[in-house]
Amino acid sequence: MDKTKFFNAVRSTVFGGRLTQGQVDGIEYILAEAQKRNVNNEYLANILATTTWETARTMQPITERGNVAYFDKYEPNTKIGRALGNTHKGDGYRYRGRGYVQITGRANYEKATRYFRETLKIDADFVNDPDLALKPEYAVIILIVGMIEGWFTGKKLGDYLDGIDEDDAEDRREHINARRVVNGTDKAAEIADIAMAYERALRDSGRPESFRPVPTPTENVPADPGRSVWLSGGLWAVIWLAYRLLKRFVRR
Numbered sequence: 075m076d077k078t079k080f081f082n083a084v085r086s087t088v089f090g091g092r093l094t095q096g097q098v099d100g101i102e103y104i105l106a107e108a109q110k111r112n113v114n115n116e117y118l119a120n121i122l123a124t125t126t127w128e129t130a131r132t133m134q135p136i137t138e139r140g141n142v143a144y145f146d147k148y149e150p151n152t153k154i155g156r157a158l159g160n161t162h163k164g165d166g167y168r169y170r171g172r173g174y175v176q177i178t179g180r181a182n183y184e185k186a187t188r189y190f191r192e193t194l195k196i197d198a199d200f201v202n203d204p205d206l207a208l209k210p211e212y213a214v215i216i217l218i219v220g221m222i223e224g225w226f227t228g229k230k231l232g233d234y235l236d237g238i239d240e241d242d243a244e245d246r247r248e249h250i251n252a253r254r255v256v257n258g259t260d261k262a263a264e265i266a267d268i269a270m271a272y273e274r275a276l277r278d279s280g281r282p283e284s285f286r287p288v289p290t291p292t293e294n295v296p297a298d299p300g301r302s303v304w305l306s307g308g309l310w311a312v313i314w315l316a317y318r319l320l321k322r323f324v325r326r
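Residue numbers (my numbering): 75 to 326.
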């Protein structure tokens, strides 16, 4: 990936001609974590666009603004508060939005804690120390894993994005719908346009499309594994091509 080409593109199309060091650092954090997790360009473009919008283009983890009384709408005795899993008085303010994507509510802070402890083996307790969600190295994981696995609204990127580079109208439609992963359809069209700019920049910079490899069988290995691997790869290629053709046919 030619990062100079990428940053030159988004500087003009997303950031109005100027990038601060903080913005560059934030984008670099996301690019690095996405590479570790083999995130494809369409997903990554949506993640970057969501971050751009949710952080007011700072590309840094932020805290949801408002005084203590503002967060009464998230208290346990409210519909929103119950949906967020808030159970104790003061949870509305205590578990207000933080991070690149504004993780909100006790239930999501508990979910993040479980993921870090059980999956990553990192002892990060977001329930007892919610401000940990502001640390970039934690915030970027919450952002990417949360959007891919559907932590925030129960919807995940895979519900709307197919990872295929199609015509602009179809790609934009998918990005508009993918706003539901974080916040319904709020500002969906604006964020989709930002995602399209990121997606073009990623592809024009030479970042390859990433797909998770087919797991290697651990039992019943055939006598000629080389032939088996070739056939497996060929079969997946045929299935993928058939899916693309079917998708285009259905749209007509």
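Even for Gly, the Cβ is constructed at its ideal location relative to N, Cα and C. It should be emphasised that the depicted structure is a prediction, and the values quoted were computed from it without experimental measurement.
Query raised in the report: Which value, in whole angstroms, describes the spacing of the CA atoms of Ile218 and Gln134?
Result: Straight-line Cα distance between these residues: approximately 14 Å.
**Report entry** Nearest candidate by alpha-carbon position, reference Ala243, set Arg254, Val98, Ala269
**Finding:** Nearest of Arg254, Val98, Ala269 to Ala243, Cα basis: Ala269.
Query raised in the report: What three-state label does DSSP hand Arg172 in the structure shown?
Result: It is a strand residue.
Report task. Give the DSSP-derived three-state secondary structure of Pro291 in the structure shown. Result -> Residue confidence for Pro291 is low, a pLDDT of 41 falling below 50, so the modelled location carries little weight and cannot support an answer.
Query raised in the report: Does DSSP put Ile222 in a helix, in a strand, or in coil?
Result: Looking at Ile222 - three-state DSSP - the assignment turns out to be helix.
Query raised in the report: Nearest to Arg274 by alpha carbon, out of Asn114, Ala252, Lys110, Glu192?
Result: The residue with the shortest Cα to Cα distance from Arg274 is Asn114.
Query raised in the report: Using the rule of at least 16 other Cβ atoms within 10 Å of the residue's Cβ for burial, across every protein chain shown, is Asp205 buried or exposed?
Result: Per the 10 Å Cβ criterion, exposed.
Query raised in the report: What is the DSSP secondary structure of Ile196, reduced to helix, strand or coil?
Result: Three-state DSSP puts Ile196 in coil, outside helix and strand.
Query raised in the report: So is Tyr144 buried or exposed if we call it buried at 16+ other beta carbons inside 10 Å?
Result: So Tyr144 ends up on the exposed side.
Query raised in the report: Closest to Ala106 by CA distance: which of Ala271, Glu211, Arg246 is it?
Result: Nearest of Ala271, Glu211, Arg246 to Ala106, Cα basis: Glu211.
Query raised in the report: Within the chosen definition, does the region 234 to 252 reach the region 193 to 204 through at least 3 CB pairs nearer than 8 Å?
Result: Counting Cβ pairs under 8 Å, fewer than three are found: no touch.
Query raised in the report: Roughly how many angstroms lie between the CA atoms of Pro299 and Arg139, to the nearest whole one?
Result: Confidence is the limiting factor: at Pro299 the pLDDT is only 41, short of 50, which leaves the residue's position unreliable, though a coordinate-based value still follows. Pro299 and Arg139: Cα-Cα distance of roughly 57 Å.
Query raised in the report: Among all the DSSP beta bridges, which residues are the ones paired with Thr137?
Result: In the DSSP output, where bridge partners are listed per residue, Thr137 has Arg172.
Report task. From the DSSP output, read off the bridge partner residues of Ile177. Result -> BP columns for Ile177 point to Arg172.
Requested in this report: Could you please give the first and the last residue of the uninterrupted alpha helix (DSSP H) stretch that includes Asp242?
Outcome: Run containing Asp242: 242 to 252, per the alpha helix (DSSP H) assignment.
Query raised in the report: What separation, rounded to the nearest whole angstrom, lies between the Cα atoms of Gln95 and Asn151?
Result: Rounded to whole angstroms, Gln95 to Asn151 spans 43 Å at the Cα level.
Requested in this report: Return the first residue and the last residue of the alpha helix (DSSP H) that Ser279 is part of.
Outcome: Careful: Ser279 lies outside any alpha helix (DSSP H) and carries neither H nor E.
Query raised in the report: Hey, Asn257 and Tyr234: beta-carbon distance below 8 Å or not?
Result: Asn257 is not a Cβ neighbour of Tyr234, given a cutoff of 8 Å.
Query raised in the report: For Glu223, which residues of its own chain have a beta-carbon under 8 Å away from its beta-carbon, when the five flanking residues on both sides are left out?
Result: Taken in chain order, the residues that qualify are Lys230.
Report task. Compare the C-alpha of Thr129 against each of Tyr169, Val142, Gly179, Ile101 and name the closest. Result -> Cα-wise, what sits closest to Thr129 is Ile101.
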